[in-house]
Amino acid sequence: MSPILLLFLVALARAQYLVEETEGCVTINVTLPGPYTVLRIDQTDYLFDGEYGDGTYVGTARVCDVEDHIWAGFRMDEYMKDQRFAYVTVYFSQGGQFTNIEKNCIQPDLSSPAEIDAAGESEVTIACARQNECARGLYTTIMTANADLCRDYSAPKCKSKVEGDVRTESVTFRRPRGEDKSFVFCSTLDSFLSYVINWGGECGGADGGGGGGGSGDGECEAEDEVDGKVEFEKSHEGEGWEGVWR
1 MSPILLLFLV
11 ALARAQYLVE
21 ETEGCVTINV
31 TLPGPYTVLR
41 IDQTDYLFDG
51 EYGDGTYVGT
61 ARVCDVEDHI
71 WAGFRMDEYM
81 KDQRFAYVTV
91 YFSQGGQFTN
101 IEKNCIQPDL
111 SSPAEIDAAG
121 ESEVTIACAR
131 QNECARGLYT
141 TIMTANADLC
151 RDYSAPKCKS
161 KVEGDVRTES
171 VTFRRPRGED
181 KSFVFCSTLD
191 SFLSYVINWG
201 GECGGADGGG
211 GGGGSGDGEC
221 EAEDEVDGKV
231 EFEKSHEGEG
241 WEGVWR
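Residue numbers (the numbering used here): 1 to 246.
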């Protein structure tokens, strides 16, 4: 069965960064820090060719045959700075078994959770587990939109721990000033994992090091504001996407 994808770009929905359904079709919703240009399913990219506005975004996709897939991701080209490259990701766990994960360099089941509750904390540890040897994933970077927090190949170096065939790279991430939510990304170039850190509390934030993602202006975003919606539909056999901002 050829999956049919229904995508929407909307403001605010319930986030779902890990899909546990074992088969069939599922609708995923993820909070995005900005508009996206590409939806990736495993190693296949589908271009977003519509219009969108500014604001707080959620990407929604209906993906079928989840038993055959590893992950989906929304590419954050406009959000990432200085030629950084990352996706907000959703992984398909097939009921917690991760039956296809051996094909992926990054191992999300051994990494920090995709959504981290850090209410009341001033820092968190971000861990990204990966296969020790990946043919196309030679290097690891943990980053925000505007800063590399650590790398496994040059300074600033990650803290590295090897257990069997898995190497875990980790770094301490301090809450950036003015943020109540931060996005962090792990990349091996051929695979990706995103983390959303919910700091909670007042949006004035704590003093923080490193970069984050967001305005950093100390003001909360309205949770009931809806900017609009892009609707577009295409099968895997199609070429590109078409959408209309409404």
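We treat Cβ as the ideally placed atom computed from N, Cα and C, and that holds for glycine.
Item to complete: Report the rounded CA-to-CA distance for D77 versus N104, giving the unit in angstroms.
Response: 22 Å
Worksheet item: Who does M143 pair with in a DSSP beta bridge?
Response: D148, F185
Discussion item. If contact is defined by three or more beta carbon pairs under 8 Å, each pair taking one atom from either stretch, is the region 131–141 in contact with the region 180–198?
Written reply: yes
Discussion item. Between the alpha carbons of Y17 and A61, how many angstroms are there, rounded?
Written reply: 12 Å
Worksheet item: What's the C-alpha gap between L110 and T44?
Response: 24 Å
Worksheet item: Pairing CB atoms from the region 159–175 with CB atoms from the region 64–71, are three or more of them under 8 Å?
Response: no
Practice prompt. Could you tell me which residues DSSP pairs with V30 in its beta bridges?
Written response: G59
Fill in: Whole-angstrom distance between M143 and R151, CA atom to CA atom
9 Å
Discussion item. If contacts are defined as beta-carbon pairs under 8 Å, then F48 and V63 qualify, I think. What distance do you get, rounded to the angstrom?
Written reply: Between V63 and F48 the Cβ distance is about 15 Å, and since that is not below 8 Å, they are no contact.
Worksheet entry | One or two residues paired with T99 in a DSSP bridge | Answer is none; T99 lacks a bridge partner.
Practice prompt. Take E21 and list the residues in its own chain whose beta-carbon comes closer than 6 Å to its own, dropping the five residues that flank it on each side.
Written response: V66
Worksheet item: I126: which of Y57, R84, I197 sits nearest, CA to CA?
Response: I197
Fill in: L138, DSSP secondary structure in three states
coil
Worksheet item: How would you call T141, buried or exposed, if buried means at least 16 neighbouring beta carbons within 10 angstroms?
Response: buried
Item to complete: Would you kindly report the start and end of the unbroken beta strand (DSSP E) that includes Q131?
Response: 123–131
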